[in-house]
Amino acid sequence: DGGITQSPKYLFRKEGQNVTLSCEQNLNHDAMYWYRQDPGQGLRLIYYSQIVNDFQKGDIAEGYSVSREKKESFPLTVTSAQKNPTAFYLCASSGTEETQYFGPGTRLLVL
Amino acid sequence: GQNIDQPTEMTATEGAIVQINCTYQTSGFNGLFWYQQHAGEAPTFLSYNVLDGLEEKGRFSSFLSRSKGYSYLLLKELQMKDSASYLCAVRDQAGTALIFGKGTTLSVSS
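Line by line, the protein sequences are chains A and B.
Take 947 as the starting number for the first sequence in this note's numbering and just add one per residue.
Take 18 as the starting number for the second sequence in this note's numbering and just add one per residue.
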């Protein structure tokens, strides 16, 4: 089945630790996106990539980093510089029709 | 700046019709999307409007007026499973990410 997978479903971070969230898609989509969702807030864009080896900062990129070495993969690293990382992280991808489809999400919690 | 407004909460009863409004102010316009999101789950795509008018898809319809910066999602024959958040999102330029509203939480009661 084609789709977007994210892992893990739940992730715990200790103080000062970097953690990486995985996002993989087999839809042959060129564009991929990372959003953060907090209670009572809309989805906010962290980073997006329209093509392999290229990505752009979104509205809240500080404290995060990404890479896009393969078309299928767009991992997000939450660095220790992100002081309030507890949130629901959603990865999405889009093809030529530009409708974005979302993965199941990763919930990040701070210990 | 970029701004998308939708009501925070709405309630309705099973079998009824509900309309969720969305107004937007963006620097450009290249399409409006509606997503449904159940608690703790990912958003799922419902509809896409880029031209003025009504798009119908089963029990759900979406309307767009670009001159008014306005859209609505119409849900007919409401069911309990329609209880969810409904997210309005606008793409201001082709090839860019979406700008999301904060979502409307719909509660359907029997």
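Positions of the beta carbon are idealized from the N, C-alpha and C atoms, including for glycine.
As the structure is a computational prediction, the values presented were derived from the model and not from experiment.
Excluding the 5 residues preceding and the 5 following residue i in the sequence, name in chain order all residues of the same chain whose CB lies nearer than 6 Å to its CB.
{"i": "residue 1025 of chain A", "result": "964, 1009"}
{"i": "residue 970 of chain A", "result": "951, 1018, 1019"}
{"i": "residue 98 of chain B", "result": "none"}
{"i": "residue 960 of chain A", "result": "1057"}
{"i": "residue 953 of chain A", "result": "968"}
Would you list the one or two residues that DSSP bridges to residue i?
{"i": "residue 61 of chain B", "result": "B:53"}
{"i": "residue 1039 of chain A", "result": "A:978, A:1047"}
{"i": "residue 27 of chain B", "result": "B:123"}
{"i": "residue 43 of chain B", "result": "According to DSSP, residue 43 of chain B bridges with nothing at all."}
{"i": "residue 1002 of chain A", "result": "A:994"}
{"i": "residue 66 of chain B", "result": "B:49"}
{"i": "residue 1017 of chain A", "result": "DSSP output for residue 1017 of chain A lists no bridge partner at all."}
{"i": "residue 74 of chain B", "result": "B:77"}
{"i": "residue 970 of chain A", "result": "A:951, A:1019"}
{"i": "residue 38 of chain B", "result": "B:89"}
Can the beta-carbon of residue i be found less than 8 Å from the beta-carbon of residue j?
{"i": "residue 103 of chain B", "j": "residue 53 of chain B", "result": "yes"}
{"i": "residue 111 of chain B", "j": "residue 38 of chain B", "result": "no"}
{"i": "residue 29 of chain B", "j": "residue 95 of chain B", "result": "yes"}
{"i": "residue 1021 of chain A", "j": "residue 966 of chain A", "result": "yes"}
{"i": "residue 89 of chain B", "j": "residue 19 of chain B", "result": "no"}
{"i": "residue 1023 of chain A", "j": "residue 955 of chain A", "result": "no"}
{"i": "residue 21 of chain B", "j": "residue 117 of chain B", "result": "yes"}
{"i": "residue 121 of chain B", "j": "residue 86 of chain B", "result": "no"}
{"i": "residue 1046 of chain A", "j": "residue 979 of chain A", "result": "yes"}
{"i": "residue 101 of chain B", "j": "residue 1050 of chain A", "result": "no"}
{"i": "residue 73 of chain B", "j": "residue 66 of chain B", "result": "no"}
{"i": "residue 949 of chain A", "j": "residue 974 of chain A", "result": "no"}
Is any heavy atom of the ligand NAP found at a distance shorter than 7 Å from the C-beta of residue i?
{"i": "residue 116 of chain B", "result": "No copy of the ligand NAP appears in this structure; indeed no ligand is present at all."}
Can you list, in chain order, the residues of its chain with a C-beta nearer than 8 Å to that of residue i? Leave out the 5 residues immediately preceding and following it.
{"i": "residue 115 of chain B", "result": "50, 106, 107, 108"}
{"i": "residue 69 of chain B", "result": "81, 82, 83, 84"}
{"i": "residue 957 of chain A", "result": "965, 967, 1052, 1053, 1054, 1055"}
{"i": "residue 1002 of chain A", "result": "993, 994, 995, 996"}
Considering only residues of the same chain and omitting the five flanking positions on each side of residue i, which have a CB-CB separation below 7 Å?
{"i": "residue 983 of chain A", "result": "989, 1033, 1034, 1036"}
Taking 8 Å as the CB-CB cut-off, is residue i touching chain E?
{"i": "residue 1047 of chain A", "result": "Of the protein chains in the structure, A and B, none is chain E."}
Pair every Cβ in the region 990-1001 of chain A with every Cβ in the region 1010-1030 of chain A, then say whether three or more of these pairs are closer than 8 Å. yes
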